[in-house]
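Asks: Please find one structure pasted underneath; my questions will follow.
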Ligand code: HEM
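In the numbering used here, the protein residues as written are 256 to 486.
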């Protein structure tokens with residue numbers, strides 16, 4: 256079993272598919288949770304309090320980190336294998352194949368952009384919330400309580416350059432998900448002639464929902480801050 260998942264190309268793709276599915280589920284959960292910050296900042300902070308440095312939240316963080324790590328490692332190995340397998344044919348294809356989306360050929364680059372954005376994001380939020388609580392602190396470097404997610408969101412998106420960074424990051428995530436979600440189904444053999452266009456459409460819908468859900472928080476908090484400073 257371990258050989259199948261480590262050595263065969265199908266096994267590796269299966270690991271990418273399962274870890275990707277897990278990460279998409281987390282992203283959908285995280286996005287839904289964040290939307291609460293628009294409707295009720297106090298309600299959002301209650302959720303942040305619940306998901307602080309408790310054992311279950313820490314266990315969730317550990318599993319999530321493992322999922323991200325596995326997904327990245329297998330992506331690197333698969334890309335390296337594909338690169339080696341093409342050998343001298345590497346430079347032979349110069350004509351763009353019809354129907355091959357730009358995102359499908361740039362998944363690794365898009366993955367790196369998503370990863371860089373995630374690193375910035377964890378510095379902005381996780382290091383000032385769960386990590387502070389974990390280290391026994393009662394306020395973070397900005398003077399907010401570690402469960403005051405709403406204040407941290409307001410502070411982060413009061414700066415135009417953070418708004419820009421997050422929107423670029425979310426756009427890269429959109430491209431990554433449009434191919435990734437479809438590819439996930441294809442690996443498990445669901446993309447036959449009938450289902451191919453349906454699953455492509457589903458992948459676009461999921462990616463767009465994720466983009467709009469996260470971007471709504473960024474834009475609404477930026478607009479709120481603009482209104483507060485202007486009025
Ligand atoms: C508007 C956009 C976003 C906002 C406002 C936001 C907000 C937050 C907040 C407040 C936390 C800290 C939770 C805590 O430590 O208690 C957090 C953690 C995190 N966020 Fe986001 N997030 C956004 C977008 C994203 C996206 C697009 C991703 C993934 C691609 C993501 C992945 C994560 C991860 C992995 C953590 C750490 C979770 C953990 O500690 O278990 N976030 N986010």
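Beta carbons: idealized from backbone N, C-alpha and C, even for Gly.
(1) If you reduce the DSSP assignment to three classes, tell me which class residue 414 lands in.
(2) Beta-carbon within less than 7 angstroms of residue 298's beta-carbon, same chain only, minus the 5 sequence neighbours each way: which residues are those?
(3) Verify whether the separation of the beta carbon atoms of residue 402 and residue 315 is less than 8 angstroms.
(4) Just to check, is the beta-carbon of residue 434 closer than 7 angstroms to a non-hydrogen atom of ligand 1?
(5) With DSSP collapsed to three states, give me the class of residue 426.
(6) Does the segment 425 to 441 come close enough to the segment 267 to 278 to have 3 or more Cβ pairs within less than 8 angstroms?
(7) Does the Cβ of residue 262 have 16 or more other Cβ atoms within 10 Å, making it buried, or fewer, making it exposed?
(8) Whose C-beta lies closer than 8 angstroms to the C-beta of residue 379 among residues of the same chain, with five residues either side of it excluded?
(9) State the DSSP-derived secondary structure class of residue 395, mapped to helix, strand or coil.
(10) Would you say the beta carbon of residue 384 is closer than 7 angstroms to some non-hydrogen atom of ligand 1?
(11) Report the three-state DSSP secondary structure of residue 452 (helix, strand or coil).
(12) Given the structure, does residue 408 come close to ligand 1, in the sense that its CB is under 7 angstroms from one of the ligand's heavy atoms?
(13) Just verifying my parser: in three-state terms, what is the DSSP assignment at residue 380?
(14) Between the C-alpha atoms of residue 404 and residue 372, what's the straight-line distance to the nearest angstrom?
(15) Any idea if residue 337 is buried or exposed, counting beta-carbon neighbours within 10 angstroms, 16 or more meaning buried?
(16) Between which two residues does the alpha helix (DSSP H) holding residue 486 run?
(17) Would you check if the distance between the CB atom of residue 325 and the CB atom of residue 436 is smaller than 8 angstroms?
(18) Going by C-alpha distance, which of 464, 293, 384, 424 is nearest residue 313?
(19) Whose CA, out of 478, 430, 452, lies closest to the CA of residue 409?
(20) How about residue 427 and residue 368: do their beta carbons lie closer than 8 angstroms?
(21) Ignore the nearest five residues each way along the sequence and tell me which others in residue 399's own chain have a CB closer than 8 angstroms to its CB.
(22) Return the chain-ordered list of same chain residues with a C-beta closer than 7 angstroms to the C-beta of residue 288, the five sequence neighbours on each side being excluded.
Replies: Walking through what the data contain:
(1) Indexing the chain shown from 1 puts residue 414 at position 159. Here residue 414 sits in coil by DSSP.
(2) Numbered from its first residue, the chain shown carries residue 298 at position 43. Here the set comprises 291.
(3) Locating residue 402 in the chain shown gives position 147, where the first residue counts as 1. Locating residue 315 in the chain shown gives position 60, where the first residue counts as 1. Taking 8 angstroms as the Cβ cut-off, residue 402 and residue 315 do not qualify as a contacting pair.
(4) For the purposes of this step, residue 434 is taken as the residue at position 179 of the chain shown. Residue 434: no, Cβ never under 7 angstroms from ligand 1.
(5) Taking the first residue of the chain shown as 1, we reach residue 426 at position 171. The answer is helix: DSSP assigns residue 426 an H, G or I state.
(6) yes
(7) Within the chain shown, numbered from 1, the residue matching residue 262 stands at position 7. Result: exposed.
(8) Walking along the chain shown from the start, residue 379 turns up at place 124. Hits under 8 angstroms: 407, 411, 417.
(9) Taking the first residue of the chain shown as position 1, residue 395 is located at position 140. Coil at residue 395, not helix or strand.
(10) Mapped onto the chain shown, residue 384 falls at position 129. Yes, the Cβ of residue 384 comes within 7 angstroms of a heavy atom of ligand 1.
(11) What you label residue 452 is simply residue 197 of the chain shown in a count that begins at 1. Here residue 452 sits in helix by DSSP.
(12) Reading the chain shown from its first residue, position 153 is the one you call residue 408. Yes, since a heavy atom of ligand 1 falls inside the 7 angstroms radius drawn around the Cβ of residue 408.
(13) Counted from its first residue, the chain shown places residue 380 at position 125. Three-state DSSP puts residue 380 in coil, outside helix and strand.
(14) Along the chain shown, read from residue 1 onward, the residue named residue 404 stands at position 149. Along the chain shown, read from residue 1 onward, the residue named residue 372 stands at position 117. Approximately 19 angstroms between the Cα atoms of the pair.
(15) Sequence index remark: in the chain shown, residue 337 carries index 82 (1-based). Result: exposed.
(16) Start at 1 with the first residue of the chain shown, and residue 486 comes out as number 231. Looking at the DSSP string, residue 486 is not in any alpha helix (DSSP H), and its letter there is neither H nor E.
(17) Within the chain shown, residue 325 is the residue found at index 70, counting from 1. Within the chain shown, residue 436 is the residue found at index 181, counting from 1. It is not a contact, given that the beta carbons lie outside the stated cut-off.
(18) As a position in the chain shown, residue 313 is number 58, starting the count at 1. Checking every option, the nearest Cα to that of residue 313 belongs to 384.
(19) Locating residue 409 in the chain shown gives position 154, where the first residue counts as 1. Among 478, 430, 452, the Cα nearest to that of residue 409 is on 478.
(20) Taking the chain shown and counting its residues from 1, the one referred to as residue 427 is at position 172. Taking the chain shown and counting its residues from 1, the one referred to as residue 368 is at position 113. Yes, these two residues count as a Cβ contact at 8 angstroms.
(21) The residue you call residue 399 lines up with position 144 of the chain shown. Around residue 399: 383, 406, 407, 410.
(22) Here residue 288 refers to the residue found at position 33 when the chain shown is read from its first residue. For residue 288, where only same-chain residues beyond five positions count, the Cβ hits under 7 angstroms are 302.
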